[in-house]
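Visitor: Residue numbers (this note's numbering), protein chains in the order written: chain H, 305 to 414; chain L, 48 to 161.
Just so it is clear, CB atoms sit at the ideal spot from N, CA and C, and this is done for glycine as well.
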Amino acid sequence: RKEVEQDPGPFNVPEGATVAFNCTYSNSASQSFFWYRQDCRKEPKLLMSVYSSGNEDGRFTAQLNRASQYISLLIRDSKLSDSATYLCVVNMGGSYIPTFGRGTSLIVHP
Amino acid sequence: DVKVTQSSRYLVKRTGEKVFLECVQDMDHENMFWYRQDPGLGLRLIYFSYDVKMKEKGDIPEGYSVSREKKERFSLILESASTNQTSMYLCASSLDRGKLYGYTFGSGTRLTVV
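Structure representation (structure tokens):
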């Protein structure tokens, strides 16, 4: 079983839609979690950290479900510019190096 | 903002050549990383360094070496380039190995080995 799993998509949604991605992780001792955004042929950029209590940044909401071992990213009122690949990153307990998921592709169309 | 600079955006090298990929960060971070990214495989860690002259193998170190002579610079070396090393190479820097503060990536070097 992969340590960090994401549905590769693509998720194809119209502008204005709400879309959510999940990312599951296998190590229950995982300590910290992030979402990164990667535009086509560009580098990943940190989008947001995921806190135990959940956190929100504008149209983006990240949540952690430790019991079911997944994190989620919710995007409200999707914009064309949200089209990108979203990578989840999990820092496993006892390991100093984060593990990246393979990413979920989002395409927002007019 | 932390800036991570990779020396080349695109490189074309011949099989068997020795290739140097340079990465420089300007925020005094101790932790630096080299990844390669391939379609369908995601990001794979090649090497990382948590201090000057210190290096640790990642998941796929074969065919690569690294050098960290100065804190701000982390170099990836392909000893004898092969076509299966054609890839996007990403350097990253972190204050704390990415546990709390995440990574800042360079803009990547797209290497083609012919």
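Closer than 7 Å by C-beta to residue 71/L: which residues in its own chain qualify, once you throw out the five before and the five after it? Chain order, please.
Guide: Counted from its first residue, the second sequence places residue 71/L at position 24. Taken in chain order, the residues that qualify are 52, 119 and 120.
Visitor: Start and end of the beta strand (DSSP E) containing residue 25/L?
Guide: Outside the shown range of chain L, which is 48 to 161, sits residue 25/L, and nothing can be said about it.
Visitor: If you scan the region 313-401 of chain H from start to end, which runs of the beta strand (DSSP E) of 3 or more residues do you find wholly inside it?
Guide: Qualifying beta strand (DSSP E) stretches, in chain order: 315-318, 323-329, 336-342, 348-354, 359-361, 364-369, 374-379 and 388-395.
Visitor: Locate the beta strand (DSSP E) running through residue 79/L, then write down its first and last residues.
Guide: As a first step, residue 79/L is located in the second sequence; it is residue number 32 there, counting from the start. Here the beta strand (DSSP E) through residue 79/L covers 78-85.
Visitor: May I ask you to verify whether the region 400-409 of chain H touches the region 108-117 of chain L, counting CB pairs closer than 8 Å and requiring at least 3?
Guide: Not touching, per the Cβ criterion.
Visitor: Would you identify the three-state DSSP class for residue 97/L, choosing helix, strand or coil?
Guide: Along the second sequence, one-based indexing puts residue 97/L at 50. Three-state result, residue 97/L: coil.
Visitor: I believe residue 308/H touches residue 404/H by the beta-carbon criterion, under 8 Å. Please report the beta-carbon distance rounded to the nearest angstrom.
Guide: Indexing the first sequence from 1 puts residue 308/H at position 4. Indexing the first sequence from 1 puts residue 404/H at position 100. Sure, about 7 Å apart at Cβ, within 8 Å.
Visitor: Output, in chain order, the set of chain H residues within a Cβ distance shorter than 8 Å of residue 154/L.
Guide: Against the second sequence, residue 154/L aligns to sequence position 107. Ordered by position in chain H, the residues that pass the 8 Å Cβ test against residue 154/L are 346 and 347.
Visitor: Using 8 Å as the Cβ pair cut-off and three pairs as the minimum, do the region 378-385 of chain H and the region 329-340 of chain H touch?
Guide: No contact exists between the region 378-385 of chain H and the region 329-340 of chain H.
Visitor: Assess, as a yes-or-no matter, whether the region 54-67 of chain L is touched by the region 103-111 of chain L under the definition of 3 or more beta carbon pairs within less than 8 Å.
Guide: Taking 8 Å as the limit for Cβ pairs, the verdict is that the region 54-67 of chain L does not touch the region 103-111 of chain L.
Visitor: Would you decide whether residue 161/L is buried or exposed? Buried here means 16 or more other CB atoms lie within 10 Å of its CB.
Guide: What you label residue 161/L is simply residue 114 of the second sequence in a count that begins at 1. It counts as exposed.
Visitor: Residue 134/L and residue 56/L: beta carbons closer than 8 Å?
Guide: The residue labelled residue 134/L in the question sits at position 87 within the second sequence. The residue labelled residue 56/L in the question sits at position 9 within the second sequence. Contact: no.
Visitor: With DSSP collapsed to three states, give me the class of residue 150/L.
Guide: Working through the second sequence from its first residue, we reach residue 150/L at position 103. Of the three classes helix, strand and coil, the one that applies to residue 150/L here is coil, per DSSP.
Visitor: For residue 144/L, go through chain H and note every residue whose CB falls closer than 9 Å to its CB, in chain order.
Guide: The count along the second sequence starts at 1 and reaches residue 144/L at position 97. By Cβ distance, chain H contributes 395, 400, 401 and 402.
Visitor: I think residue 98/L touches residue 77/L, with their Cβ atoms under 8 Å apart; what is that distance to the nearest whole Å?
Guide: For this step, residue 98/L is matched to residue 51 along the second sequence. For this step, residue 77/L is matched to residue 30 along the second sequence. Indeed, because the Cβ distance is near 6 Å, the residues count as touching under 8 Å.
Visitor: Does any residue of chain H have a CB that is nearer than 8 Å to the CB of residue 111/L?
Guide: By 1-based counting over the second sequence, the position of residue 111/L is 64. No, residue 111/L lies away from the interface with chain H (no Cβ there is under 8 Å from its Cβ).
Visitor: Using the C-alpha atoms, what's the distance from residue 317/H back to residue 80/L?
Guide: The residue labelled residue 80/L in the question sits at position 33 within the second sequence. The residue labelled residue 317/H in the question sits at position 13 within the first sequence. Taking the straight line from one Cα to the other gives about 34 Å.
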